[in-house]
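Residue numbers (my numbering): -14 to 192.
Here the structure is laid out as structure tokens; the discussion comes afterwards.
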Amino acid sequence: MKEIEILKKINTPYKIQEFLDNSEYNSTYETRSPKYVLNNKRAHCMEGAMFAAFCLENLGFPPLILDMLAFNDDDHVIALYKINGFWGAIAKSNFTTLRFREPVYKSLRELTMSYFDFYFNTIGDKSLRAYSLPYNLNKHNKLNWRTTDNDLEEIGNNLNKIKHISIINQEQINNLEVAGDYLLNASMIGANVAGLYVPDSGLKKID
């Protein structure tokens, strides 16, 4: 089968990332299965994380994802993998800076903080506030999450309900600088404008 042949070639974490980088960003709200992503080369961050977790599972890793909570911005979901005790990540994002991370991080907080300075909305406000515990997609095997044609919104809803750990306090939030135009421009190279979060410039920064 064509699907099997493609999967055989996606045989390292970075090759999984390359597949996602070469896939169209999905600006819709539905959440489709890894099979859909594989066949259509189209995904948003949740779909990309699930696809990456599926591919990592094929390489012998557990299918783990992690949720990042943001203020006045989209949340972000990444797929986790661990090599020799160090965490790495794979992700689909409209922002070039919120994707792959090498497996060099000792803790999930350390991994999450590697995204902090590059996690901002389209007006430059740094928006990352918290991260979740690892979430194993095997909890949803009854949904046939790997291959179903049904919307998998339920997984995202459950992910939102699990424990999240704050990474920043209110005083720190109040003192955050706005990302420079050069960084905004670099981060949104090739972005699907229809999929960009539209922030409310009138909202006050909160934890």
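Quick reminder that beta carbons are idealized off the backbone N, C-alpha and C, glycines included.
This structure is a prediction, so every number in the text was calculated from the model and none was measured.
Notebook entry, point to check: Do you know whose CA, among VAL89, ILE75, PRO19, lies nearest SER52's CA?
Noted result: The count along the sequence shown starts at 1 and reaches residue 52 at position 67. The sequence given here places Asp at residue 52; Ser does not occur at that position. With distances taken between Cα atoms, ASP52 lies closest to ILE75.
Check: What is the DSSP secondary structure of ILE(-11), counted as helix, strand or coil?
Finding: Translated into positions along the sequence shown, residue -11 becomes position 4. ILE(-11) falls in the helix class under three-state DSSP.
Notebook entry, point to check: Counting only runs that start and end within the region 140 to 177, where is the alpha helix (DSSP H) found for 4 or more residues in a row?
Noted result: 155 to 159, 166 to 172
Item checked: Other residues of its chain near TRP130: CB distance less than 7 Å, five sequence neighbours each side excluded -> The residue you call residue 130 lines up with position 145 of the sequence shown. Around TRP130: SER18, MET35, LEU122, LEU137, ILE140.
Checklist line | Residues that ASP52 bridges to, as DSSP identifies them | finding: Against the sequence shown, residue 52 aligns to sequence position 67. Beta-bridge pairing links ASP52 to VAL62.
Check: If we call anything under 8 Å between Cβ atoms a contact, is HIS61 one with ALA115?
Finding: The residue labelled residue 61 in the question sits at position 76 within the sequence shown. The residue labelled residue 115 in the question sits at position 130 within the sequence shown. Going by C-beta atoms, HIS61 is not nearer than 8 Å to ALA115.
Checklist line | Segments assigned beta strand (DSSP E), at least 3 residues, entirely inside the region 66 to 104 | finding: 71 to 75, 86 to 90
Next item on the list: Helix, strand or coil for LYS26, going by three-state DSSP, please let me know.
Entry: Mapped onto the sequence shown, residue 26 falls at position 41. Taken through DSSP and simplified to helix, strand or coil, LYS26 comes out as coil.
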